[in-house]
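Student: Numbering (my numbering), first residue to last: 1 to 201.
C-beta atoms are modelled at their ideal positions from N, C-alpha and C, and glycine is treated no differently.
Here the structure is a predicted model, which means the values were calculated and not measured.
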Amino acid sequence: MTKTLYLMRHGQTLFNKRHRIQGWCDAPLTDLGVYQAQVAGQYFKNAGVVFDAAYSSTSERACDTLEIVTGRTDYTRLKGVKEWNFGLFEAQPERLQPKFRAGAVSFEDLYVPYGGEDVTQVGERMLTTLTEVMKKTPTVENPTLVVSHGGAMWAFYLKVGYFPDPNIYFSNCAICHYQYENDQFLLRQVIDPLAKTVYDL
């Protein structure tokens, strides 16, 4: 039985605009972020997508995005799909963050000495949480929406077995269309509703 998950990133926030590191700390959506969420909502409407269930990270930026996209307040907040914890680097300028090691495809464990998470931890909690969500999904007819964060979505993408693709980038309100079957997540599309592009896998 195949079920459908739309995993999307929140809209632009004040910290995004100011180029500050934003993990477990939070910042409100900008006017652009609100507009991005509205465009994403229109994308789903135009595609005839109706959600059986909706879930959000506990962060305000994700909750606000979901409410704008769907017009719903009957959704569940999940700590398991929060952004990567960046430890002491939270709310600091992006220019201060550690640089990838040569050949790395993520920050790996670079934040751990500063009280943050490593990519394995983030990927595992995302996988555990999203698996629980999909197991609870009642039908195959209508999909499930989860609003999360760029770093967490990337860690999940790596965790379920994908390798970096130059065509895949999780911009604000980017949407990953996954299929869930036999306890596996298969990425079918990455949708950028602002750029009006769909990357098929």
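#1: Alpha carbon to alpha carbon, how far is Q12 from M1?
#2: Report the option in N46, R20, L7 whose CA atom is closest to the CA atom of A53.
#3: Can you give the beta carbon distance from W84 to E132, rounded, assuming they're within the 8 Å contact cut?
#4: Could you give the distance in angstroms between the alpha-carbon of R125 and the alpha-carbon of T144?
#5: Could you tell me the distance, in whole angstroms, from the CA atom of Y178 to the CA atom of R101?
#6: If you drop the 5 nearest sequence neighbours on each side, which residues of the same chain put their C-beta closer than 6 Å to that of I175?
#7: Going by beta-carbon coordinates alone, are L127 and K82 separated by less than 7 Å?
#8: Quick one: using the 10 Å Cβ neighbour count with 16 as the cut-off for buried, is D31 buried or exposed?
#9: Exposed or buried, which one is T197 when buried takes at least 16 other CB atoms within 10 Å?
#10: Could you tell me the boundaries of the beta strand (DSSP E) in which Q12 lies?
#11: Are V140 and K3 touching if we call contact CB-CB under 7 Å?
#12: Sorted by chain position, which residues of the same chain lie with C-beta nearer than 7 Å to F51's C-beta, five sequence neighbours on each side aside?
#13: To the nearest angstrom, how far is the alpha carbon of Y114 from that of P98?
#14: For Y43 versus P193, is the C-beta distance shorter than 7 Å?
#15: From the DSSP output, in three-state form, read off Q92 for me.
#16: What separation, rounded to the nearest whole angstrom, lies between the Cα atoms of Y75 and Y35?
#17: Measuring alpha carbon to alpha carbon, tell me which residue in E67, L88, C173, E181 is nearest N16.
Tutor: For this structure:
#1: 35 Å
#2: L7
#3: In fact, because the Cβ distance is near 20 Å, the residues do not count as touching under 8 Å.
#4: 18 Å
#5: 29 Å
#6: Y6, M8, I191
#7: no
#8: exposed
#9: exposed
#10: Per DSSP, Q12 belongs to no beta strand (DSSP E) and is neither H nor E.
#11: yes
#12: T70, N142, P143, T144, L145
#13: 11 Å
#14: yes
#15: coil
#16: 21 Å
#17: C173
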